[in-house]
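Trainee: The structure is given below, and queries will be raised subsequently.
Residue numbers (this note's numbering): 235 to 537.
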């Protein structure tokens, strides 16, 4: 017998027109940093991320007086969990088929709780205050959830990835910045060459700061291919773009040391349209029921 809280019709199918539950999202970064609904939690001590998430979501449920749904992306174990958290503090994990049906209804319900553009503003505010770790974790959380909901080639997902690449550059993590920026550039090269030019330039700016020669060679070859493709289409209209393309070619041929390059600027967030997942995204394990770290009995309260 199904105990799903999703309203169902006589054929035991989800009722698509039913009002969805309040939906939140959470994210656990690989270093254990934890985000709930676009806010970085102050963990303190050795508090486990799963307990912090359950406490925060239970607080929402008690305030609203109704069960709350939550989608948790846990990068520390590369897994997605879908939860129901109740006002009494109890929770259970559910399988994806018990949740709201995939597609526009789920996406709309999840993003209604906290619009993506508001999260971008918070990320930028952290970056402006030089709180780069917080900005980076929040950008990663936003990109992960947008990719899960909309696909990696969606406009909002791409812009979140570009912002994450920019903040990684600001932090001096040029390997991560290059990988993120190259993914954006690769997707643009496959869908809109005119918009690919600034993205390839941003990826090049990060790549020029790499010192690992294996990364320089492999990433550089891809960048050179992109620049040559853009050049063949007559899209390199700025002298700076010709100079960057030549710098990539020269460094690959001569193994030249990295050059100082101004930090790339993030593109502004734009409206969205669904697309496939980028090949570099590490896949997340399918949702399964009964994940014990997100299941607890009634009576547990946040402190």
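A virtual CB, placed ideally from N, CA and C, is assigned to each residue, including glycine.
Taking Cβ positions, are residue 399 and residue 411 nearer each other than 8 Å?
Mentor: By 1-based counting over the chain shown, the position of residue 399 is 165. By 1-based counting over the chain shown, the position of residue 411 is 177. Contact: yes.
Trainee: Can you find the residues in the same chain that come closer than 7 Å, C-beta to C-beta, to residue 401, ignoring five residues on each side of it along the sequence?
Mentor: Locating residue 401 in the chain shown gives position 167, counting from the first residue. So the list reads 361, 366, 369, 370 and 373, once near-sequence residues are dropped.
Trainee: Consult DSSP for residue 317 and reduce its assignment to one of helix, strand or coil.
Mentor: Taking the first residue of the chain shown as position 1, residue 317 is located at position 83. Residue 317 falls in the strand class under three-state DSSP.
Trainee: Return helix, strand or coil for residue 306, following the three-state DSSP convention.
Mentor: Counted from its first residue, the chain shown places residue 306 at position 72. Of the three classes helix, strand and coil, the one that applies to residue 306 here is strand, per DSSP.
Trainee: How is the beta strand (DSSP E) around residue 404 delimited, first residue to last?
Mentor: Residue mapping note: residue 404 aligns to position 170 of the chain shown, counting from 1. That residue, residue 404, is in no beta strand (DSSP E); its alpha helix (DSSP H) goes 389-404.
Trainee: Starting from residue 273, follow its DSSP beta bridges and name the residues at the other end.
Mentor: If you number the chain shown from 1, residue 273 lands on position 39. Answer is 270.
Trainee: Here's a check: name, in chain order, each residue in its chain whose Cβ is nearer than 7 Å to the Cβ of residue 405, leaving out the five neighbours to either side.
Mentor: Reading the chain shown from its first residue, position 171 is the one you call residue 405. Excluding residues within five positions, the ones whose Cβ falls inside 7 Å are 366 and 370.
Trainee: Would you kindly check if the distance between the Cβ of residue 460 and the Cβ of residue 419 is under 8 Å?
Mentor: As a working mapping, residue 419 is identified with position 185 in the chain shown. As a working mapping, residue 460 is identified with position 226 in the chain shown. Contact: yes.
Trainee: Going by DSSP, what residue range makes up the alpha helix (DSSP H) through residue 262?
Mentor: Numbered from its first residue, the chain shown carries residue 262 at position 28. Careful: residue 262 lies outside any alpha helix (DSSP H), inside the beta strand (DSSP E) at 256-262.
Trainee: Here's a check: name, in chain order, each residue in its chain whose Cβ is nearer than 7 Å to the Cβ of residue 454, leaving out the five neighbours to either side.
Mentor: In the chain shown, the residue the question calls residue 454 occupies position 220. Once the five neighbours on either side are set aside, the close Cβ partners of residue 454 are 441, 482, 485 and 486.
Trainee: Run through DSSP, which three-state label would residue 474 get?
Mentor: One-based indexing of the chain shown puts residue 474 at position 240. Of the three classes helix, strand and coil, the one that applies to residue 474 here is helix, per DSSP.
Trainee: Are residue 551 and residue 394 close, meaning C-beta to C-beta below 8 Å?
Mentor: Nothing can be reported for residue 551, as the shown portion of the chain is limited to 235 through 537.
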